[in-house]
Amino acid sequence: MKIKIVYRFYDGFIGTIQDAINNDMFVKASIDTVPAIEFNRVKYNRMNAREQEIYEKRLKD
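Residue -17 is where the sequence shown starts when you use my numbering, and the numbers rise one by one after that.
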(Lines of atoms letter the chains of each structure in order from A and count residues from 1; the text may use other names and numbers.)
(Lines give C-alpha, C1' and ligand atoms only; values in the text may rest on other atoms or scores of the structure.)
Protein backbone atom coordinates (compact mmCIF):
# COMPACT_ATOMS: atom_id res chain seq x y z
CA MET A 1 0.00 0.00 0.00
CA LYS A 2 1.49 3.31 -1.10
CA ILE A 3 0.78 6.35 1.05
CA LYS A 4 0.34 9.73 -0.64
CA ILE A 5 1.55 12.80 1.20
CA VAL A 6 -0.98 15.61 0.85
CA TYR A 7 -0.60 19.28 1.67
CA ARG A 8 -3.02 22.10 2.43
CA PHE A 9 -2.32 25.04 0.13
CA TYR A 10 -3.05 28.74 0.61
CA ASP A 11 -6.40 28.71 -1.18
CA GLY A 12 -7.81 25.72 0.72
CA PHE A 13 -6.76 23.18 -1.90
CA ILE A 14 -5.70 19.86 -0.39
CA GLY A 15 -3.61 17.52 -2.52
CA THR A 16 -0.17 16.39 -3.55
CA ILE A 17 2.52 18.62 -5.00
CA GLN A 18 2.00 16.95 -8.37
CA ASP A 19 -1.74 17.80 -8.23
CA ALA A 20 -0.88 21.43 -7.50
CA ILE A 21 1.54 21.57 -10.44
CA ASN A 22 -1.06 20.02 -12.73
CA ASN A 23 -3.62 22.63 -11.58
CA ASP A 24 -1.19 25.49 -12.46
CA MET A 25 -0.95 26.76 -8.88
CA PHE A 26 2.71 27.68 -9.34
CA VAL A 27 2.33 29.92 -12.39
CA LYS A 28 4.10 32.87 -10.73
CA ALA A 29 7.09 30.80 -9.65
CA SER A 30 10.53 31.89 -10.79
CA ILE A 31 14.08 30.67 -10.54
CA ASP A 32 16.45 32.84 -8.52
CA THR A 33 20.04 32.50 -7.53
CA VAL A 34 20.51 32.22 -3.80
CA PRO A 35 23.84 33.19 -2.26
CA ALA A 36 25.77 30.38 -0.61
CA ILE A 37 26.34 32.55 2.46
CA GLU A 38 24.16 35.32 3.89
CA PHE A 39 25.68 38.32 5.64
CA ASN A 40 25.41 38.10 9.42
CA ARG A 41 26.36 41.39 11.10
CA VAL A 42 26.79 39.93 14.60
CA LYS A 43 29.02 37.16 13.33
CA TYR A 44 31.01 39.65 11.22
CA ASN A 45 31.57 42.03 14.15
CA ARG A 46 32.97 39.20 16.29
CA MET A 47 35.62 38.32 13.70
CA ASN A 48 39.13 39.67 13.55
CA ALA A 49 40.39 41.51 10.45
CA ARG A 50 41.75 38.39 8.74
CA GLU A 51 38.52 36.45 9.27
CA GLN A 52 36.52 39.43 7.97
CA GLU A 53 38.54 39.47 4.73
CA ILE A 54 37.88 35.77 4.18
CA TYR A 55 34.19 36.27 5.00
CA GLU A 56 33.91 39.15 2.50
CA LYS A 57 35.52 37.03 -0.24
CA ARG A 58 33.01 34.26 0.43
CA LEU A 59 30.14 36.76 0.19
CA LYS A 60 31.28 37.88 -3.28
CA ASP A 61 31.25 34.32 -4.69
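Yeah, the Cβ is synthetic: ideal placement off N, Cα and C, and Gly gets one too.
Since we're looking at a predicted model, the values are computed, not measured.
Less than 7 Å divides the Cβ of residue 40 from the Cβ of residue 19.
Within the DSSP bridge table, the entry for residue -6 names no partner. Across the set 2, 17 and 16, the C-alpha of 2 shows the shortest separation from the C-alpha of residue 10.
Going by beta carbons, residue -12 and residue -3 fall inside the 7 Å limit. Restricting attention to 15, -10, 4 and 6, the CA atom closest to the CA of residue 43 is found in 15.
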